[in-house]
Each structure stands twice: as C-alpha cells, then as structure tokens.
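**Q** Position 330 (the sequence shown) corresponds to 330 in the working numbering; numbering is contiguous.
C-beta: ideal position from N, C-alpha, C; glycine also.
Got a structure here, written out as structure tokens. Questions coming.
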Amino acid sequence: MTARAALRRRYWATLPARLRLLRAVTVSLAVALAALLLLAGLAASGTWNAVANRDAPRTTSAADLNLALNDMDAQAANLLLSSGNAGKGRLETPNQKAFVFYGDARKTIGHDLRALAVAAQGDRADERTVESLTDNFAEYQERIGRALENDSRTGGEAAALDDYRTATDLLRATLLPEARTLVNSNDQAFNAEYTEARSTLAAQLAAVIALGVLLLAALGVLQWYLASRFHRILNPGVLAATVCALLAVLLGAQALSASATHLRGARRDAFDSVVALSRARAIAYDANADESRWLLDPDRRGQYGPSFLAKSQKLYGISGAALSNYDSELDRTWQEYQADPADLEFTGEFRRELDNITFAGERAAAEKTVETYAVYERDDRRMRALVAAGKVRQAVEFCMDWKPDTSNAHFAAWMAALDKVTDINRQHFAASVEAGRSEATGVLPWTCGLLLAAGVLTLLGLRPRLAEFR
C-alpha cells in the first residue's frame, strides 16, 4: 500500500505530477506516431522501388522473351521462304528485312535471358526454368543455323526444312511453354507483393488514425486541464502543438491513402493491361509465324492451320468459329459491341483489355487495335485462297512483302495500334509510380517534422506552468 501511495503521489496526486504525466503521454504519442509514419514512408518507398525496378521489369522481360522467340522463329521461316533456290528467285526486300529482324530478335532473347537469370536468383523454380531456356535456346539456334546453311546450297531445301521442323518443334514444345511459365511466375510474384503492400498500407493507415485520435485527445485533455486549473482559456504552446498534430494526422492519412490508390492504379488499372497486351503481342507474332510455317511446310498445313485459329481465338475468342466463318462472326460481334459497349460477346486478350479501360484515349486506341486486327485476319484468308488456287508464289509475296495493302503492312499497322494502347498504359503506370514515390518521399517526411514540432511545442507550452511549482 505504501508503494502504491508513493507512486500515486508521484504521478497523479499533485497538480505538477498530473501535468508531467499528461506531458509524457502526449510526447510519447507524438514520437510513436512520427516513428510509425517514418517507417511507413520507408516501406512505401521500398515498395515503389521494387515495383519500378524489379517487379514490372522482370515481368515485361519475360513477356518480351516470349515475343522475341516467336519473332525469331517467324523470321527464320521467312528467310527460308524468301531465299529462292540457293539464292535464285530470291525475294530481296522480304529476305533482307527478315534477316535484320532475325538478328534483332536473337539479341533481344540474349538480353532478356540475362535479365531473367538475375531476377530469378533466390527462386529455385525460376532459376531452373531460365537454365533450361538458355540450354534449349542454344540447341534451337544450332538447328536454325543448320537450316539456313543447308538452304544456301543447291538442292538443300529438303534438309533445311527438316532442320527447321526440328527447331520449331523444340520452340513450340519447350521454349515457348517455359517462357510463358516465366511470364506467369513473375506476374504472380508481382501480384502477391502488390496484395501484401496494399494490406500493409491499410494496416498502417488504421494505426495512424488510431494513434492520431489518441494524440489529439491527449492534447485536448491537456488544454482543458490547463484552462480549468490555471484559469486561462488557451495555452499557446499546446494550441500550436495541436495544430501541428492535426495537420500531421491529416497529411499522413492522406499520403497513405493516396499511396494505396496510386499502387492500385499502377498495378490494376495500368499494368494488368500491359500484361494482357504483351501477351496479345506475343500471340500475334506466334500467329504470324504460323502463316509462314504453313506456307513453308505443305506437309504440316493440317497442323499449322488449326494452330493459327487457336491463337486467333486467344486474341478475339468467338465460340464455335472456324477459319471459314471467323471473319463474319468477328464483324457481327464487333458491330454488336459498337452498338452497345456493354455487350461483349467475344473473349480473349482484347476482351481483357476492353474490360479494363481506365485512361483517356484508351478505349479509342483499343478499338482501333481490334479493327486493324480484323484487316489482318481477312488477309490470312486471302493468302490461303491464293494457295488453294495454285498461286503459291503470289501467296508468299502477299504474305511477306511490305508494300501497302499486303499482309505484312497490315500486320505492322495492327502492331502499331497495339503499341499505342500499351504506351498509354505504360505512361500511366510510370505516372502512378512517380506519384506514389512523391507521397512516400515528399509528404510523409513533413508529417514526421510536424509531429516532432508538436512534441517540442508541448514541452515549451508546459514549461512556464511547471516552473510555478518550483
């Protein structure tokens, strides 16, 4: 009982003791809230650095690898198609362009494999996938090299085709599935970190509000107590501390809430579309490669025709459609969409993008992409009709030339439209990252300063009152 009484006298029984206790509580709450906001700012800054420098780049690198593999194989087929007989009858412009694009794709693959190897460190599953991709890509290059070498000599076309078949089978059975695995793995890792970061921000926001309410309540009690005991309306120091604390709580809560909003904008509104559009671009290059394979290898047309249709369905899925009626069904469903944008009867990556329209100009750009895609699809049927009519040379020229109104020209227009939609989303992703970083590094440090000022002002405001009891 004696100890309890002594503690009571020390911390509550006398007026100075009560003032010191209220001062300690107020300053402790201010320091705790400042520490919480400082840690929240550091965590948010780390999250934005991870998003901008690791999570997004490794996902896009995997998507770029997927695309470059498809492009390299398509260009290899184009080189074989346009070479003529050991150079005789060569289609010069298509052959030269295919040679340049082939080299560009090979360099891109090498760069992406190195970037993904670094990103995979610590994740054994991804490490094994990258190692397997690297080994299989080396074998693939060797096979394509043999095909091109055989094709350069007279009478080597059959051997070149056999080598190309081996290479493209390796690509389709192993390399592309492994590349898609990396896209999904890195995208899922990004998504998991996004979910965790949003949850952390929500918890930090709740804690800031709770501590802020307690701090403002403590300052209010202290102001009331001083007014009632010393018969003064307001204590200037405590009043100033209250203003600083209120501003810090409002700014801190707003900064954390804005960070969560920017994080959602970066991931859900922008990057989800970037991923969908990157997949669409990779599928488009694979479909374009199927056309070249179909022309190059008549014995496998029964395989490459359905493969082209399957990729078309992944892009713009129409239930029950075949190549014979795909164009008419595409026109019908697209007209229904234009009459009522809520009526999306089709599926696929284009549908995924149209379901996630967020930014100014994005819908018009996405619609333009579908319209240029429809032109390219009609070109495919024209190319197949030329082959059916026995005009194989004309079909090859129409498929591979870059003159206006040829298939490659329309494919380039489709890719340009697709890139425009992607760029809109990339720009907003970058803007969301920059805005999120600004909240973490620009606003939150000021809230910490305001809270430290609130603590100091509380000490200064109480100093004259406590001096009266010395």
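Just to confirm my understanding: we take ASP71, look at its own chain, exclude 5 residues before and 5 after, and list those with CB closer than 6 Å. What are they?
**A** For ASP71, where only same-chain residues beyond five positions count, the Cβ hits under 6 Å are ALA105, TYR285.
**Q** Suppose you measure from the CA of LEU330 to the CA of GLN427; what does that come to, to the nearest Å?
**A** If you take the alpha carbons of LEU330 and GLN427, they lie about 30 Å apart.
**Q** Does ALA365 pass the burial test, meaning 16 or more other C-beta atoms within 10 Å, or should it be called exposed?
**A** Burial call: buried.
**Q** Tell me, please, whether the region 346-357 touches the region 262-282 by the rule of three or more beta-carbon pairs shorter than 8 Å.
**A** Yes, they touch.
**Q** Looking at the structure shown, is LYS88 part of a helix, part of a strand, or coil, going by DSSP?
**A** Residue state, collapsed to three classes: strand.
**Q** Please report the residue range of the alpha helix (DSSP H) in which GLU362 lies.
**A** First-last of the alpha helix (DSSP H) with GLU362: 362-388.
**Q** How long is the line joining the alpha carbons of ALA417 and ARG124, rounded to whole angstroms?
**A** Rounded to the nearest angstrom, the two C-alpha atoms are 38 Å apart.
**Q** What whole-angstrom Cβ distance do ALA241 and LEU22 have, given they're in contact under 8 Å?
**A** With 8 Å as the limit, ALA241 and LEU22 do not qualify as a contact, their Cβ atoms being about 12 Å apart.
**Q** How far does the alpha helix (DSSP H) with ARG268 in it extend, from its first residue to its last?
**A** First-last for ARG268: undefined, no H or E at that position.
**Q** When burial is assigned at 16 or more other CB atoms within 10 Å of the CB, is ALA454 buried or exposed?
**A** ALA454 comes out buried.
**Q** Decide if the region 175-189 is in contact with the region 253-268; the criterion is three or more beta carbon pairs, one per stretch, under 8 Å apart.
**A** These segments do not touch.
**Q** Should THR129 be labelled buried (16 or more other beta-carbon atoms within 10 Å of its own) or exposed?
**A** Buried, by the Cβ-count rule.
**Q** Is there contact between the region 166-179 and the region 133-151, where contact requires at least three CB pairs shorter than 8 Å?
**A** Touching, yes, given that three or more Cβ pairs across the two stretches are closer than 8 Å.
**Q** Looking at the secondary structure, which residues open and close the alpha helix (DSSP H) in which ARG437 lies?
**A** Counting along the chain, the alpha helix (DSSP H) containing ARG437 begins and ends at 407-438.
**Q** Would you say GLN121 and ALA98 are within 8 Å of each other, going by their C-beta atoms?
**A** No; because the gap between Cβ atoms is not below 8 Å, this pair is not in contact.
**Q** Given this structure, state the Cα-to-Cα distance separating LEU309 from TYR326, to the nearest angstrom.
**A** If I take the Cα positions, the gap works out to 9 Å.
**Q** Kindly indicate which three-state DSSP category LEU7 falls into: helix, strand or coil?
**A** Bear in mind that the predicted position of LEU7 carries a pLDDT of just 49, short of 50, making it unreliable; the figure below should be weighed with that in mind. The answer is helix: DSSP assigns LEU7 an H, G or I state.
**Q** What ranges does the alpha helix (DSSP H) occupy inside the region 70-141, keeping only unbroken runs of at least 4 residues that lie completely in it?
**A** With a minimum length of 4 residues, the continuous alpha helix (DSSP H) runs that stay inside the region 70-141 are 92-119.
**Q** On the DSSP letters alone, give me the boundaries of the alpha helix (DSSP H) that ARG332 sits inside.
**A** Run containing ARG332: 326-339, per the alpha helix (DSSP H) assignment.
**Q** Please report the distance separating the alpha-carbon of GLY361 from that of ALA395.
**A** Approximately 37 Å, taken between the alpha carbons.
**Q** Going along the chain, which residues of its own chain have a beta-carbon closer than 6 Å to the beta-carbon of LYS311, five neighbours each way excluded?
**A** Here the set comprises ILE283, ASP286, ALA287.
**Q** Once the 5 residues before and after VAL375 are set aside, which same chain residues still bring their CB inside 8 Å of it?
**A** These residues qualify, in order along the chain: HIS410, ALA413, TRP414.
**Q** Rounded to a whole number of angstroms, what is the C-alpha to C-alpha distance between VAL31 and LEU65?
**A** The alpha-carbon atoms of VAL31 and LEU65 are separated by roughly 49 Å.
**Q** Are VAL51 and ALA210 closer than 8 Å when you measure CB to CB?
**A** Going by C-beta atoms, VAL51 is not nearer than 8 Å to ALA210.
**Q** Going by other Cβ atoms of all chains shown within 10 Å of its Cβ, with 16 needed for buried, is SER328 buried or exposed?
**A** SER328 comes out exposed.
**Q** To the nearest angstrom, how far is the alpha carbon of SER83 from that of ALA270?
**A** The straight-line gap from Cα to Cα measures roughly 42 Å.
**Q** Report the partner residues of THR347 according to the DSSP bridge assignment.
**A** Note: THR347 sits in a beta bridge opposite GLY317.
**Q** Buried or exposed: where does MET1 fall if 16 or more other Cβ atoms within 10 Å of its Cβ makes it buried?
**A** Caution applies to MET1, whose pLDDT of 48 falls short of 50 and renders its modelled position unreliable; the value that the coordinates give is listed next. Exposed, by the Cβ-count rule.
**Q** Which class does PHE359 belong to by DSSP, given the choice of helix, strand or coil?
**A** If DSSP states are grouped into helix, strand and coil, PHE359 belongs with coil.
**Q** Let me check understanding here. Comparing Cα to Cα, which of GLY390, PRO341, MET383 lies closest to PHE398?
**A** That would be MET383, whose Cα lies nearest to the Cα of PHE398.
**Q** Under the assumption that ALA253 contacts VAL213 (Cβ atoms under 8 Å), give the Cβ distance between them as a whole number of angstroms.
**A** That pair is no contact at about 11 Å.
**Q** Find out if the Cβ-Cβ distance for the pair LEU226, VAL243 is shorter than 8 Å.
**A** It is not a contact, given that the beta carbons lie outside the stated cut-off.
**Q** Please report the residue range of the alpha helix (DSSP H) in which ASP162 lies.
**A** From DSSP, the alpha helix (DSSP H) with ASP162 extends over 157-170.
**Q** When you compare each of THR458, LEU451, LEU444 to ALA43 by their alpha carbons, which one comes out closest?
**A** Comparing Cα-Cα distances from ALA43 to each of THR458, LEU451, LEU444, the minimum goes to LEU444.
**Q** What three-state label does DSSP hand MET1 in the structure shown?
**A** Residue confidence is low: MET1 scores 48 on pLDDT, short of 50, so the model does not pin down where it sits. No coordinate-derived value is stated.
**Q** So HIS262 and SER45 are supposed to be a Cβ contact under 8 Å. How far apart are they, rounded?
**A** So it is not a contact: roughly 13 Å between Cβ atoms.
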